[in-house]
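When you number the sequence shown by full-length UniProt numbering, it's gap-free, plus one each residue, and the end is 364.
Idealized CB from N, CA, C, for every residue including glycine.
Here's the structure we're looking at; comments come further down.
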Amino acid sequence: MHFRPTRAEISRQALENNARVARQLAAGARLIGVVKADGYGHGMLTVANAIARYVDAFAVAFVDEAVQLRNAGFQQPVILLEGCFSEAELPICAHYNFQPVVHQQEQLNAITTARLVRPLAVWLKVDTGMHRLGWAPEQVAEAYQQLKRCPQVASVTMMSHFAAADSHNHKLNQQQLELFEDACAVTEANLDLSVANSAALVSTAIDLAHPSQQWVRSGILIYGDNPSSSQLPAPLQSVMRLVAAVIAIRDIKAGDTVSYGGTWEAKRDSTIATVSIGYADGYPRHAKNGTPVFINGHKAHLAGTVTMDMIMVDITDVPEVNIGDEVELWGANVSVAEIAQCADTISYDLLTGVSARVPRVPVS
Ligand SMILES: *Cc1c(COP(=O)(O)O)cnc(C)c1O
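Okay, here's the thing in structure tokens:
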């Protein structure tokens, strides 16, 4: 039961549209739908259902997330992007047919000594410059040989991750690609490869060599944000529409201030609407004065600091606002990327930060 008029509508049709765009960009490569972190905050199963027929596999961060997908009946390959944290997960991987990333020796040792009902398809991760997870390029030959000798391993896919794929001309992109190619050269030539995230998929500056061997890992694109400055073959659609309602309206005098700390001061006599969403819902506390919201067909602007459960909006120039009117915090009319910019963050952070008390409402 939800009486509070605050919710995140999740458009299935937008998910499908964006998955089709990703599919089109991936061309001859295979497409992995990245649904970690509860489908970037959209609801993992809603997302997986909408995009299942456009993707060849799903990826999640860790095994608990993958089990949710299997329990919901999804049969596709599921890649664990961080691999296993402990050897206890390996039998679960074998049982459910999950594909763990192997990024360090501890994980490899655990596989070597595990007793499994079937061998695992694993992803060997190379650290080409992100310096988060993965084998140094010079360790790859040895790690690959160990995996190849291991009866618990059915196949190896080579992968790496870009640190700056969203910056078209960043020198890391080319450097990382070259290091990856060199590292892969010590393995068998016909192995599958995976380097591209959404930004690399879109970027015309990053050349996906050997497309037929590539697995593209796409997350944010499917959720409707283009992380790069490159043009897309078709427009993306916003998937999440975060909405709340006007719950109070008041008139204030020029010189009055609004909200904690009095950081917003009325330059003229003003009308202020109080809206039913705050930082406890995942609306960013650092959103600046002037951050846009969409109300009754008009843009209005944040007035004063974001509070835990409510925000205030200057509606002086918006005609006919009434208590109960819907307010879009982000969606098709104000993009989540635009709000992220106003809060000095990125769309990923806002989408995954929508809190559990906001009901996700799938819509067609
Ligand atoms: C999350 C993640 C992705 C997806 O990134 P997007 O920018 O959302 O496309 C791809 N690869 C790895 C290793 C990730 O952790």
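Inset, instruction - Tell me whether residue 188 is buried or exposed, calling it buried when 16 or more other Cβ atoms sit within 10 Å of its Cβ. - result: If you number the sequence shown from 1, residue 188 lands on position 188. Label assigned to residue 188: exposed.
Inset, instruction - Rank 164, 312, 355, 70 by C-alpha distance to the C-alpha of residue 250 and give the top, closest one. - result: The count along the sequence shown starts at 1 and reaches residue 250 at position 250. Distances from the CA of residue 250 to each of 164, 312, 355, 70 were compared; the closest alpha carbon is that of 312.
Legend entry - Extent of the continuous alpha helix (DSSP H) run through residue 171: The count along the sequence shown starts at 1 and reaches residue 171 at position 171. Run containing residue 171: 171 to 184, per the alpha helix (DSSP H) assignment.
Legend entry - Contact test: residue 36 Cβ vs ligand 1 heavy atom, cutoff 7 Å: Residue mapping note: residue 36 aligns to position 36 of the sequence shown, counting from 1. Correct: residue 36 has its Cβ closer than 7 Å to ligand 1.
Legend entry - Reference residue 274; option with closest CA among 16, 305, 79: On the sequence shown, residue 274 is found 274 positions in, with the first residue counted as 1. Distance check between residue 274 and each of 16, 305, 79 places 305 closest, using alpha-carbon atoms only.
Inset, instruction - Check the DSSP bridge columns for residue 360 and list the partner residues they point to. - result: In the sequence shown, counting from the first residue as 1, residue 360 sits at position 360. Residue 360 pairs with 8.
Legend entry - Stretch-stretch touch, CB-based, cutoff 8 Å, three pairs: the region 112 to 132 with the region 88 to 103: As far as the Cβ criterion goes, the region 112 to 132 touches the region 88 to 103, which means the pair count is three or higher.
Inset, instruction - Report the residue ranges of all alpha helix (DSSP H) runs contained in full by the UniProt domain "Alanine racemase C-terminal" (239 to 363); include only those spanning at least 4 residues, in chain order. - result: Counting only runs of 4 or more, we get 336 to 342, 347 to 353.
Legend entry - residue 121 - DSSP class collapsed to helix/strand/coil: Within the sequence shown, residue 121 is the residue found at index 121, counting from 1. Strand at residue 121.
Legend entry - Nearest-angstrom Cα separation, counted from residue 70 out to residue 80: The sequence position of residue 80 within the sequence shown is 80, counting from 1. The sequence position of residue 70 within the sequence shown is 70, counting from 1. So the two alpha carbons sit approximately 13 Å from each other.
Legend entry - Distance cut-off 7 Å: residue 173 Cβ against heavy atoms of ligand 1: For the purposes of this step, residue 173 is identified with residue 173 of the sequence shown, where counting begins at 1. Relative to the non-hydrogen atoms of ligand 1, the Cβ of residue 173 never comes closer than 7 Å to any of them.
Inset, instruction - For residue 268, decide whether its Cβ has a neighbour in chain B, counting only Cβ atoms nearer than 8 Å. - result: In summary, chain B is missing from the structure at hand, where a single protein chain is found.
Inset, instruction - Note the first and the last residue of the continuous alpha helix (DSSP H) segment covering residue 51. - result: Looking up residue 51 in the sequence shown gives position 51. Counted as a single uninterrupted DSSP element, the alpha helix (DSSP H) harbouring residue 51 occupies residues 44 to 51.
Inset, instruction - Say whether the region 146 to 155 touches the region 163 to 177, bearing in mind that this needs 3 or more beta-carbon pairs closer than 8 Å, one atom from each stretch. - result: Using a C-beta cut-off of 8 Å, the region 146 to 155 makes no contact with the region 163 to 177, since fewer than three inter-stretch Cβ pairs fall below that distance.
Inset, instruction - Starting from the C-beta of residue 353, find all residues in its chain whose C-beta is less than 6 Å away, skip the five residues before and the five after it, and write them out in chain order. - result: Indexing the sequence shown from 1 puts residue 353 at position 353. Cβ neighbours of residue 353 beyond the five flanking positions: 282.
Inset, instruction - Please say whether residue 147 and residue 108 have beta carbons closer to each other than 8 Å? - result: In the sequence shown, residue 108 corresponds to position 108, counting from 1. In the sequence shown, residue 147 corresponds to position 147, counting from 1. With contacts defined by Cβ atoms closer than 8 Å, residue 108 and residue 147 form a contacting pair.
Inset, instruction - Could you tell me whether the Cβ atoms of residue 324 and residue 246 are closer together than 8 Å? - result: Here the question's residue 324 lines up with position 324 in the sequence shown. Here the question's residue 246 lines up with position 246 in the sequence shown. Yes, they are a contact pair.
Inset, instruction - Would you kindly work out how many angstroms separate the C-alpha atoms of residue 224 and residue 190, rounded to a whole number? - result: In the sequence shown, residue 224 corresponds to position 224, counting from 1. In the sequence shown, residue 190 corresponds to position 190, counting from 1. The C-alpha of residue 224 lies about 33 Å from the C-alpha of residue 190.
Legend entry - Neighbour-count burial assignment, residue 212, 16 or more Cβ in a 10 Å radius: Looking up residue 212 in the sequence shown gives position 212. With fewer than 16 neighbouring CB atoms inside 10 Å of its own CB, residue 212 falls in the exposed class.
Legend entry - Under 8 Å between C-beta atoms of residue 279 and residue 40: Numbered from 1 along the sequence shown, position 279 holds the residue referred to as residue 279. Numbered from 1 along the sequence shown, position 40 holds the residue referred to as residue 40. Cβ distance not < 8 Å, so residue 279 and residue 40 don't count as in contact.
Inset, instruction - Classify residue 229 as helix, strand or coil using the three-state DSSP reduction. - result: Along the sequence shown, one-based indexing puts residue 229 at 229. Looking at residue 229 - three-state DSSP - the assignment turns out to be coil, as it is neither helix nor strand.
Inset, instruction - Would you mind reading off the limits of the beta strand (DSSP E) that contains residue 193? - result: Reading the sequence shown from its first residue, position 193 is the one you call residue 193. Note, residue 193: beta strand (DSSP E), 192 to 194.
Inset, instruction - Verify whether the separation of the beta carbon atoms of residue 15 and residue 37 is less than 8 Å. - result: Here residue 15 corresponds to residue number 15 of the sequence shown, with the count starting at 1. Here residue 37 corresponds to residue number 37 of the sequence shown, with the count starting at 1. No.
Inset, instruction - Inspect the beta-carbon positions of residue 361 and residue 136 and report whether they are closer than 8 Å. - result: Against the sequence shown, residue 361 aligns to sequence position 361. Against the sequence shown, residue 136 aligns to sequence position 136. Not in contact: residue 361 and residue 136 (Cβ atoms no closer than 8 Å).
Inset, instruction - Would you mind stating whether residue 301 and residue 229 have Cβ atoms separated by less than 8 Å? - result: Translated into the one-based positions of the sequence shown, residue 301 becomes position 301. Translated into the one-based positions of the sequence shown, residue 229 becomes position 229. Their beta carbons are not under 8 Å apart, which means residue 301 does not touch residue 229 by this criterion.
Legend entry - Cβ-based neighbour list, residue 13, same chain, cut-off 7 Å, excluding 5 preceding and 5 following: On the sequence shown, position 13 is the one that residue 13 refers to. So the qualifying residues of the chain are 364.
Inset, instruction - Go ahead and label residue 144 buried or exposed: buried means 16 or more other beta carbons lie within 10 angstroms of its beta carbon, across all protein chains shown. - result: Here residue 144 refers to the residue found at position 144 of the sequence shown. Of the residues assessed, residue 144 falls on the buried side of the cut-off, its CB having 16 or more other CB atoms within 10 angstroms.
Legend entry - Residue span of the beta strand (DSSP E) that contains residue 133, given as start and end: Locating residue 133 in the sequence shown gives position 133, counting from the first residue. Where residue 133 is concerned, there is no enclosing beta strand (DSSP E), given that its DSSP letter is neither H nor E.
Inset, instruction - Consult DSSP for residue 212 and reduce its assignment to one of helix, strand or coil. - result: The residue given as residue 212 occupies position 212 in the sequence shown. Residue state, collapsed to three classes: helix.
Inset, instruction - List the residues that DSSP assigns as beta-bridge partners of residue 80. - result: Position 80 of the sequence shown, counted from the first residue, corresponds to residue 80. In DSSP, residue 80 forms a bridge with 60, 100.
Legend entry - Exposure of residue 73, with buried meaning 16 or more beta-carbon neighbours within 10 Å: Here residue 73 refers to the residue found at position 73 of the sequence shown. Looking at its Cβ environment, which holds fewer than 16 other Cβ atoms inside 10 Å, residue 73 is exposed.
Inset, instruction - Name, in chain order, the residues that DSSP records as bridge partners for residue 155. - result: The residue you call residue 155 lines up with position 155 of the sequence shown. Answer is 121.
Legend entry - Per-residue DSSP class, three states only, for residue 126: Position 126 of the sequence shown, counting from 1, holds the residue named residue 126. Three-state DSSP puts residue 126 in a strand.
Legend entry - Bridge partner(s) assigned by DSSP for residue 34: By one-based count along the sequence shown, residue 34 stands at place 34. Bridge partners of residue 34: 59.
Inset, instruction - Confirm the yes/no value for this check: CB of residue 124, any heavy atom of ligand 1, distance under 7 Å. - result: Taking the sequence shown and counting its residues from 1, the one referred to as residue 124 is at position 124. For ligand 1, no non-hydrogen atom lies closer than 7 Å to the CB of residue 124.
Legend entry - Residues bridged to residue 20 (per DSSP): Mapped onto the sequence shown, residue 20 falls at position 20. Per the DSSP secondary-structure output, residue 20 pairs with nothing in a beta bridge.
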